[in-house]
Each structure stands twice: as C-alpha cells, then as structure tokens.
Amino acid sequence: MGTGREVVISLDGVTDKNIMQLKKINTAIFPVRYNDKYYTDAIASGDFTRLAYYSDICVGSIACRLEKKEGAVRVYIMTLGVLAPYRGLGTGTKLLNHVLDLCAKQNVIEIYLHVHTINEEAINFYKKFGFEYIGFFVEGCLLRLSALTKRKFSNFGLSEVLFSKFLVLNPISC
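Residue numbering for the sequence shown follows the UniProt record's numbering, beginning at 1 and increasing consecutively.
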C-alpha cells in the first residue's frame, strides 16, 4: 500500500445516511457491539465524529460524545479505530488531530477516553498526543487517559477526578 506514492486519507461526517459504515467499521475493529445510544450520541456530536477513507474505502473512524459539566463542555472519545491493514498510514493521527483541533477552536475544557490496559499500542498512541494516565477501574480492566484541550493546552488543573468504580491516582496538570 502506498509504496512511493503519497497516501491520501480523507475524512467525512457521519449522518443517518451513512451510519451503516460506522457500524460496519466498529464490528470489524472492536469486540463490542454498540447500542443505539452510542450511534445517537455519535451523530449528535456533529463534526466530532468522522469516518476515514483511503482511496474511497472506509478504513477507520472516531466517534465522540459531547458532555456538559458545570456549564463547560468536554469530549469523550467513545471509539477511535483503524482497520489493521491500514494502520501506520497516519489515519488514526488524522482522526485524533481533527478532534483535538475542534476542541481547541470550541474551548472544550477536557477530552478523555478509556483504553483496555493490555492495549499498549493504543496507550502509547494517546500518550504521544499529551494524554496522561490518571486512573483505572477497580476491576483493573480499563485505563483512563485524559488531556486538556487548547492543544499546547493552557494551565487548567483538576485537583480530583472521581467516578463510580474509578480510582484516581494522579491529578491532571498541564
């Protein structure tokens, strides 16, 4: 793929008309079957949910949920995935940069996600973008990573983040 040629990855929005592409990508990449609320949240997030195409072939996606907390908006990355044969071409980077850029433009205070603790490739990927490890579920099956937006983000610190069944190890500081 792409030997000697520039790889062109394009992004497109998710709507009611192409939601099946997101469903097919999710089925191919993730071991989880997502419910209708997931897809409703993905569409409702507007520009924050995107499909990635390599030569008109849908090869990946990012799906987000917008959340309001104490009058501020934060973004939860529900899923970010790329089909295995298309990894390493910059698709995931392009998808994540798209969302990070939107967050910076819209003054989103936080962007966060959960990653399986054994998914070291994903953990390292997110760390490259400034996401920090801040805790894990008590059952030990998920790791929570978070980054504050505004890209080289302004100094906004959280002294404590607490979720049910969530153990906070370190506060976020930028």
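Ideal Cβ positions, reconstructed from N, Cα and C, are used throughout, including at glycine.
With DSSP as the reference, label residue i as helix, strand or coil.
i	result
residue 115	strand
residue 96	helix
residue 9	strand
residue 109	coil
residue 132	strand
residue 89	coil
In terms of alpha-carbon separation, which member of the options lies closest to residue i?
i	options	result
residue 79	122, 104, 56 and 118	122
residue 60	118, 12 and 125	12
residue 49	58, 98 and 35	98
residue 96	127, 69, 118 and 120	127
residue 51	117, 68, 63 and 45	63
residue 58	129, 10 and 66	10
residue 102	25, 81 and 47	47
residue 134	125, 119 and 115	115
residue 189	15, 132, 77 and 124	Since the first residue shown for the chain is 1 and the last is 174, residue 189 is missing from the structure and cannot be characterised.
residue 180	36, 77, 83 and 81	Residue 180 is absent from the structure shown; the chain starts at 1 and stops at 174.
residue 56	120, 45 and 21	21
residue 38	17, 53, 54 and 66	66
Using DSSP's beta-bridge definition, name the partner residues of residue i.
i	result
residue 64	77
residue 69	72
residue 82	60
- Query: Do three or more CB pairs link the segment 23-36 to the segment 87-95 at distances below 8 Å?
  - Reply: The segment 23-36 vs the segment 87-95: no contact.
- Message: Which runs of the beta strand (DSSP E) at least 3 residues long sit entirely within the segment 16-54? Give them in chain order.
- Response: Those beta strand (DSSP E) runs which fall completely within the segment 16-54 and span 3+ residues are 50-54.
- Task: Mind the definition here: the segment 54-73 touches the segment 104-112 only if three or more C-beta pairs lie below 8 Å; say whether that holds.
- Result: Yes, the segment 54-73 touches the segment 104-112.
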